[in-house]
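Asker:
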Amino acid sequence: MNALTLPAVAKLNLFLHVTGRRPDGYHNLQTLFQLLDVGDALTFTLRHDNHITLDCNNSELINEQNLVLRAARLLQQYSNSTFGCDIYLDKRLPMGGGLGGGSSDAATTLLGLNKLWQLNLTVDTLAELGLQLGADVPLFVRGFTAFAEGIGEKLQPVNLAEKVYLVVTPACHVSTAEIFQHPDLIRNSPPISIKQLHQSPWRNDCQPLVERLYPNVAITLQWLVEYAPCQMTGTGASVFAAFPDQTSAQHALTQLPANCQGFIARGVNQSPVWAALADTE
1 MNALTLPAVA
11 KLNLFLHVTG
21 RRPDGYHNLQ
31 TLFQLLDVGD
41 ALTFTLRHDN
51 HITLDCNNSE
61 LINEQNLVLR
71 AARLLQQYSN
81 STFGCDIYLD
91 KRLPMGGGLG
101 GGSSDAATTL
111 LGLNKLWQLN
121 LTVDTLAELG
131 LQLGADVPLF
141 VRGFTAFAEG
151 IGEKLQPVNL
161 AEKVYLVVTP
171 ACHVSTAEIF
181 QHPDLIRNSP
191 PISIKQLHQS
201 PWRNDCQPLV
211 ERLYPNVAIT
221 LQWLVEYAPC
231 QMTGTGASVF
241 AAFPDQTSAQ
251 HALTQLPANC
261 QGFIARGVNQ
271 SPVWAALADT
281 E
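Next comes the structure, spelled out in structure tokens:
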């Protein structure tokens with residue numbers, strides 16, 4: 001195999017509770033990750049030297065700090081592979097929206113190069129490597145909708161109804177670091193068990209603070225709630241609502257405010273990346 005193309009799907013946080021601050025400065029969280037059937041796409045082309053290159057349809061993303069490059073180099077170093085690769089990132093998801101795009105790109109890179117370089121590393125090993133890149137990367141490596149705890153890396157699979165979602169991103173970029181460092185962030189939500197998931201309404205502990213600091217997020221939520229109950233994903237800026245069918249979601253999308261981006265996606269319990277990998281067998 002000399003090349004392969006794989007998806008890097010988005011995620012939603014159907015709820016997000018901040019249950020405390022850890023001694024290392026990170027926060028303990030509980031969240032329900034819903035994978036979606038849309039996202040970015042990456043193409044990996046084998047090189048027989050050890051060079052790794054990145055190209056992208058958004059030139060701003062071609063830099064040494066891109067998680068795709070970092071993931072590829074981490075895997076190469078860990079495995080002592082003598083191969084390299086040319087990577088093309090087709091960036092489709094909004095950046096900085098709380099949809100997990102960068103983490104998903106990194107996970108797909110680990111999975112794709114594990115296949116292309118014939119490393120045969122286990123999913124557990126790839127997830128451990130992914131955690132070095134970001135707390136959400138193991139979710140996308142494992143590729144299932146999940147109840148998550150810790151900093152988001154302790155995952156339990158959950159099967160959810162695969163609903164239709166409208167995802168809307170307003171014209172602002174929310175700083176995750178700013179939100180988690182802010183003194184007004186809710187940090188004392190009582191932990192729940194996986195059995196309690198459906199016993200109370202879902203909420204995002206970051207949302208009240210983000211709405212106050214970023215009025216565009218609040219305005220977008222006020223627009224979307226006219227069509228369906230809605231909330232923010234992650235630390236924003238993207239917001240979402242579940243719809244009973246594609247037609248009703250499409251109707252809302254046609255009314256999208258001019259300063260917003262939006263797309264329709266279906267929730268999936270298993271990431272399409274695994275089906276794509278199976279097709280390469």
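Per the UniProt record's numbering, the sequence shown starts with residue 1, numbered consecutively.
Ideal Cβ placement from N, Cα and C applies to all residues, glycine included.
These numbers were taken from a predicted model, which means no experiment stands behind them.
Closest to L256 by C-alpha separation, out of P170, D37, L111, T280, would be which residue?
Answerer: Here the question's residue 256 lines up with position 256 in the sequence shown. If we check each option's Cα against that of L256, P170 comes out closest.
Asker: Please state if the CB of V158 and the CB of L29 are separated by a distance shorter than 8 Å.
Answerer: Position 29 of the sequence shown, counted from the first residue, corresponds to residue 29. Position 158 of the sequence shown, counted from the first residue, corresponds to residue 158. No, these two residues do not count as a Cβ contact at 8 Å.
Asker: By the DSSP assignment, the alpha helix (DSSP H) with H216 in it spans what residues?
Answerer: For this step, residue 216 is matched to residue 216 along the sequence shown. Here residue 216 turns out to be Asn, not His, going by the sequence shown. That run of the alpha helix (DSSP H) goes 215-224.
Asker: Quick check: the region 115-126 against the region 62-70, are there 3 or more CB pairs under 8 Å?
Answerer: No: the two stretches stay apart, fewer than three of their Cβ pairs being nearer than 8 Å.
Asker: Would you kindly report the start and end of the unbroken beta strand (DSSP E) that includes R21?
Answerer: Counting from one through the sequence shown, the residue named residue 21 turns up at place 21. R21 -> beta strand (DSSP E) spans 3-21.
Asker: For T31, list the residues DSSP reports as bridge partners.
Answerer: Numbered from its first residue, the sequence shown carries residue 31 at position 31. Answer is L16, A148.
Asker: With which residues is K154 paired in a DSSP beta bridge?
Answerer: Stepping through the sequence shown from its first residue, residue 154 is reached at position 154. In DSSP, K154 forms a bridge with E149.
Asker: Please confirm if the region 148-156 is in contact with the region 215-228, defined as three or more CB-CB distances below 8 Å between the two stretches.
Answerer: no
Asker: In the DSSP output, what is F44 paired with across the bridge?
Answerer: Counting from 1 along the sequence shown, the entry for residue 44 is found at position 44. Note: F44 sits in a beta bridge opposite L4, I87.
Asker: Throw me the rounded Cβ distance for the L42 and L74 pair, which I believe falls under 8 Å.
Answerer: Counted from its first residue, the sequence shown places residue 42 at position 42. Counted from its first residue, the sequence shown places residue 74 at position 74. Contact flag wrong, Cβ pair sits at about 16 Å.
Asker: Let's see if you can read the secondary structure: which residues bound the alpha helix (DSSP H) around H108?
Answerer: The count along the sequence shown starts at 1 and reaches residue 108 at position 108. At residue 108 the sequence reads Thr, which differs from the His that was named. Its alpha helix (DSSP H) spans residues 101-116.
Asker: Under a Cβ-count criterion, where at least 16 other Cβ atoms within 10 Å of its own Cβ denotes burial, should Y26 be classed as buried or exposed?
Answerer: Along the sequence shown, read from residue 1 onward, the residue named residue 26 stands at position 26. Y26 comes out exposed.
Asker: Taking the beta carbon of V1 as the centre, do at least 16 other beta carbons fall within 10 Å, making it buried, or is it exposed?
Answerer: Position 1 of the sequence shown, counted from the first residue, corresponds to residue 1. Looking at the sequence itself, residue 1 is Met, so the reference to Val does not match. So M1 counts as exposed.
Asker: Hey, out of C85, I186, Q34, P191, whose CA is closest to C206's CA?
Answerer: On the sequence shown, residue 206 is found 206 positions in, with the first residue counted as 1. Nearest option by C-alpha distance: I186.
Asker: Check whether the region 231-240 touches the region 274-281, counting contact only when three or more Cβ pairs, one atom from each stretch, lie closer than 8 Å.
Answerer: no
Asker: Going by the beta-carbon positions, is the gap between E38 and A8 smaller than 8 Å?
Answerer: The residue labelled residue 38 in the question sits at position 38 within the sequence shown. The residue labelled residue 8 in the question sits at position 8 within the sequence shown. Checking the sequence, you will find Val at residue 38 rather than Glu. Going by C-beta atoms, V38 is not nearer than 8 Å to A8.
Asker: Contact defined as beta carbons within less than 8 Å: I believe A241 pairs with L36. What is the distance between those atoms, to the nearest angstrom?
Answerer: Counting from one through the sequence shown, the residue named residue 241 turns up at place 241. Counting from one through the sequence shown, the residue named residue 36 turns up at place 36. Contact doesn't hold; Cβ gap of about 13 Å is too wide.
Asker: Would the region 98-105 count as touching the region 50-58 if we require 3 or more Cβ pairs under 8 Å?
Answerer: no
Asker: Leaving out five residues on either side along the sequence, give the residues of the same chain with a beta carbon under 7 Å from the beta carbon of Y214.
Answerer: Along the sequence shown, one-based indexing puts residue 214 at 214. The residues are C172, V174, G236, A237.
Asker: Hey, how far is the Cα of D49 from the Cα of F147?
Answerer: Translated into the one-based positions of the sequence shown, residue 49 becomes position 49. Translated into the one-based positions of the sequence shown, residue 147 becomes position 147. Rounded to the nearest whole angstrom, the C-alpha separation of D49 and F147 is 41 Å.
Asker: Label H251 either buried or exposed according to how many other C-beta atoms from any shown protein chain fall within 10 Å of its C-beta, with 16 as the threshold for buried.
Answerer: Looking up residue 251 in the sequence shown gives position 251. Per the 10 Å Cβ criterion, exposed.
Asker: If you count every other CB in all the chains shown that lies within 10 Å of the CB of N188, and 16 or more means buried, which is it?
Answerer: Stepping through the sequence shown from its first residue, residue 188 is reached at position 188. A residue is called buried once 16 or more other Cβ atoms fall within 10 Å of its Cβ, and N188, having fewer, is exposed.
Asker: Please work out which residues of its chain come closer than 7 Å, Cβ to Cβ, to F44, disregarding the five sequence neighbours upstream and downstream, and give them in chain order.
Answerer: On the sequence shown, position 44 is the one that residue 44 refers to. Cβ neighbours of F44 beyond the five flanking positions: A3, L4, C85, I87, G112, L113, L116.
Asker: Can you give the beta carbon distance from G134 to S103, rounded, assuming they're within the 8 Å contact cut?
Answerer: The sequence position of residue 134 within the sequence shown is 134, counting from 1. The sequence position of residue 103 within the sequence shown is 103, counting from 1. Right, their Cβ atoms sit about 5 Å apart.
Asker: Drop a sphere of 10 angstroms on the beta-carbon of H17, count the other beta-carbons inside from all chains shown, and report buried for 16 or more, exposed for fewer.
Answerer: As a first step, residue 17 is located in the sequence shown; it is residue number 17 there, counting from the start. Result: buried.
Asker: Hey, out of K163, A107, I192, whose CA is closest to D136's CA?
Answerer: Position 136 of the sequence shown holds residue 136. The shortest Cα separation from D136 among K163, A107, I192 belongs to A107.
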